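There are 2 protein chains.
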Amino acid sequence: MEHHLISEKTVERLILYRRILLTIDPEKQKNIVSHQLALLTGVKSPQVRRDLMVIGYSGSPARGYDISSLIESIGHFIDAPVKQGIALAGVGNIGRAIIDYFKGRRPKLDISAIFDIDPEKINRVLHGCRCYHIDQMEAIIRAGKIHMGIITVPADSAQSVAEHMIRAGVTGILNYAPVKLVHPENIHVENRDITLVIEKVAYFSRQVR
Amino acid sequence: MEHHLISEKTVERLILYRRILLTIDPEKQKNIVSHQLALLTGVKSPQVRRDLMVIGYSGSPARGYDISSLIESIGHFIDAPVKQGIALAGVGNIGRAIIDYFKGRRPKLDISAIFDIDPEKINRVLHGCRCYHIDQMEAIIRAGKIHMGIITVPADSAQSVAEHMIRAGVTGILNYAPVKLVHPENIHVENRDITLVIEKVAYFSRQVR
DNA sequence: GTAAGTTTGTGAAACATTTCACAATAGTTG
DNA sequence: CAACTATTGTGAAATGTTTCACAAACTTAC
Ligand SMILES: NC(=O)c1ccc[n+]([C@@H]2O[C@H](COP(=O)([O-])OP(=O)(O)OC[C@H]3O[C@@H](n4cnc5c(N)ncnc54)[C@H](O)[C@@H]3O)[C@@H](O)[C@H]2O)c1
Ligand SMILES: NC(=O)c1ccc[n+]([C@@H]2O[C@H](COP(=O)([O-])OP(=O)(O)OC[C@H]3O[C@@H](n4cnc5c(N)ncnc54)[C@H](O)[C@@H]3O)[C@@H](O)[C@H]2O)c1
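So the sequence lines, in the order shown, correspond to chains A and B.
Under this note's numbering, think of the first position of the first sequence as 1, with each following residue one higher.
Under this note's numbering, think of the first position of the second sequence as 210, with each following residue one higher.
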């Protein structure tokens, strides 16, 4: 299978398509046409067709796409072949919200190791996940063959936590701290800076009027 | 003033530039060259220059940009002329994390009205903000001339909450619920879907190896 | 005061992504 | 089974974004 030249945007949309397709009752509807999937996801229909072309999925003219096999094809493309563990550092407000919310939501992904420095949290089990001291992180990530990390520590610890994660073999990081992480360019880093996005939406809310 | 043709990406970067510039001690450094700002923010230097060109800010050859006047120029461009109120609906895990975290962080932006349906929360003051029943939202948004909303309610209430917000005059929405909101196209909607971004980073973490 | 050394500002090129538009194709109907 | 309809798959165009590359401009040093 040949997936390297696929854009981030396409990956995001594929994930979105699957999410929407999963909400459709398979008893009620077996097929979907590009125009309807477009409507449900807020993209244009040629875009939907192009994205599905990218993963080599073919529909049928005049009948559209078979929902269940499309879900499966997207899964083949997007999902890990086996369950993939995720490490999370910083069990504070957002850290806890994410752990709580994400638990059990994607069958192939699991926040399987969480870390903090607060003695109150260490060794306690939160949402079914035991919290370890950050000093144990490298060893546990290595042992668990974990390749993705979520950073929800305060800004001034984020770079150091990222370096430990990368040293232990993490290749994808989701960073909630409002700092630009310095990292090797082969590491995928996604920043979710809440202050930044609030400012952005505030800006556009004023342009619109 | 002429700002309509400015791209979302440029706006995001401008906000980022300002954030970084604000961390520089004005006693120690008065000027900055595009190359350094690029390094600190992780973009390329021609991109920095182009972005500043877009807002009509000029530097000086051989000396770069004056940090304090650049901060001010970005502020002129990005910030509301007066303090702008923000409404937040759904005072649960992420809702509370955002309220708590954002309080006082941007001088021109204030989460000034929060809403829920849980009787335990209504009329209580959380992080200095009184929580009202969602039924009062339209009236309060209208009265407060609020133009931006944050949605952190469960997925099945998100569309209805969005419609109330829009009806009351909101033109920009930051949506954390994992649903595609249906909305008039002049409304700016930004989706922050945590499950989606976790899946995305997990995907790329596997491509990288 | 001029030469050397930087850095900006920006047209133009390169690259990326989206959208158009239509031939090919499958299904449906009489 | 032929005509009609609807939808796919996809080259090509359009649009959007980033990067290059270099003249013009300012600073510094001698
Ligand atoms: N809450 C939000 O909505 C929000 C929004 C934007 C950004 N952020 C960012 O996310 C991060 C966390 O925010 P929060 O509100 O959850 O903060 P928080 O203070 O509630 O949680 C931080 C947690 O990290 C732990 N910690 C501190 N240093 C650590 C280290 N070196 N290693 C491991 N754990 C460590 C603390 O003990 C605490 O449990 C911060 O960087 C913050 O800027 C939060
Ligand atoms: N916690 C996360 O990390 C996370 C991640 C991704 C998405 N989300 C999404 O964010 C939303 C909130 O998540 P959460 O974890 O904070 O959930 P939560 O259950 O902790 O909070 C939801 C809050 O909304 C209130 N609410 C319910 N219906 C309402 C209505 N009609 N009007 C106003 N308030 C109402 C509830 O009383 C509760 O206080 C959900 O849509 C969830 O899917 C959360």
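Note that CB positions come from ideal geometry on N, CA and C, so glycine has one too.
This structure is a prediction, so every number in the text was calculated from the model and none was measured.
Please confirm whether residue i has its beta-carbon closer than 8 Å to some beta-carbon of chain B.
i: A:His133; result: no
i: A:Glu2; result: Residue confidence for A:Glu2 is low, a pLDDT of 41 falling below 50, so the modelled location carries little weight; the figure read from the coordinates is stated next. Taking Cβ atoms only, chain B never reaches closer than 8 Å to A:Glu2, which makes this a no.
i: A:Ala97; result: yes
i: A:Leu16; result: yes
i: A:Pro154; result: no
i: A:Pro26; result: no
i: A:Gln29; result: no
i: A:Tyr57; result: no
i: A:Lys200; result: yes
i: A:Arg206; result: yes
i: A:Arg106; result: yes
i: A:Ser7; result: no
i: A:Arg19; result: yes
i: A:Ala143; result: no
i: A:Tyr203; result: yes
i: A:Ser60; result: no
i: A:Ile187; result: yes
i: A:Gln47; result: no
i: A:Leu40; result: yes
Does any C-beta atom of chain A lie closer than 8 Å to the C-beta of residue i?
i: B:Glu347; result: no
i: B:Phe311; result: yes
i: B:Arg219; result: It is worth fixing the name first, because residue 219 of chain B is Thr in this sequence and not Arg. No - not a single Cβ of chain A is within 8 Å of the one on B:Thr219.
i: B:Ala377; result: no
i: B:Pro387; result: yes
i: B:Ala322; result: no
i: B:Arg418; result: yes
i: B:Leu405; result: yes
i: B:Ser366; result: no
i: B:Glu399; result: yes
i: B:His356; result: yes
i: B:Leu318; result: yes
i: B:Ala298; result: no
i: B:Ile280; result: no
i: B:Ala289; result: yes
i: B:Leu335; result: no
i: B:Leu246; result: no
i: B:Ile276; result: no
i: B:Asn302; result: yes
i: B:Leu231; result: no
i: B:Leu383; result: yes
Since residue i and residue j should fall inside the 8 Å C-beta cutoff, what is the C-beta to C-beta distance between them, to a whole number of angstroms?
i: A:Leu174; j: B:Val410; result: 5 Å
i: B:Ala377; j: B:Glu347; result: 4 Å
i: B:His356; j: A:Ser205; result: 5 Å
i: B:Asp275; j: B:Asn332; result: With 8 Å as the limit, B:Asp275 and B:Asn332 do not qualify as a contact, their Cβ atoms being about 49 Å apart.
i: B:Ile287; j: A:Glu199; result: 7 Å
i: A:Leu181; j: A:Ala162; result: 5 Å
i: B:Ser421; j: B:Arg258; result: There is no way to answer for residue 421 of chain B, as the model of chain B reaches only from 210 to 418.
i: A:Thr152; j: A:Gly104; result: 19 Å between Cβ atoms; not a contact.
i: A:Val197; j: B:Ile396; result: Not really, about 16 Å apart at Cβ, beyond 8 Å.
i: B:Ile280; j: B:Leu223; result: Wrong, their Cβ atoms sit about 11 Å apart, outside the cutoff.
i: B:Ala367; j: B:Ala386; result: 4 Å
Which stretch, first to last residue, makes up the beta strand (DSSP E) that contains residue i?
i: A:Gly149; result: 148 to 151
i: B:Ile350; result: Unbroken run through B:Ile350 is the alpha helix (DSSP H), 346 to 352; no beta strand (DSSP E).
i: A:Leu186; result: First, the amino acid is wrong: residue 186 of chain A is Asn here, not Leu. Element bounds for A:Asn186: n/a, residue is neither H nor E.
i: B:Ile382; result: 381 to 384
What residue range does the alpha helix (DSSP H) around residue i cover?
i: B:Ile373; result: Note that residue 373 of chain B corresponds to His in the displayed sequence, not to Ile. It spans 364 to 376 - the alpha helix (DSSP H) in which B:His373 sits, taken as one unbroken run.
i: B:Gly304; result: 302 to 311
i: B:Val406; result: 403 to 417
Is the closest heavy atom of ligand 4 to the C-beta of residue i under 7 Å?
i: A:Pro154; result: This structure simply doesn't include ligand 4; it includes ligand 1 and ligand 2 instead.
Can you list the beta strand (DSSP E) stretches of 3 or more residues lying completely in the region 104 to 134 of chain A, in chain order? 109 to 116, 129 to 133
Where in the region 19 to 88 of chain A do unbroken runs of the alpha helix (DSSP H), each at least 4 residues long, occur, reported from the N-terminal end onward? 34 to 41, 45 to 54, 67 to 78
Check whether the region 293 to 302 of chain B touches the region 317 to 328 of chain B, taking contact to mean three or more Cβ pairs, one atom from each stretch, closer than 8 Å. yes
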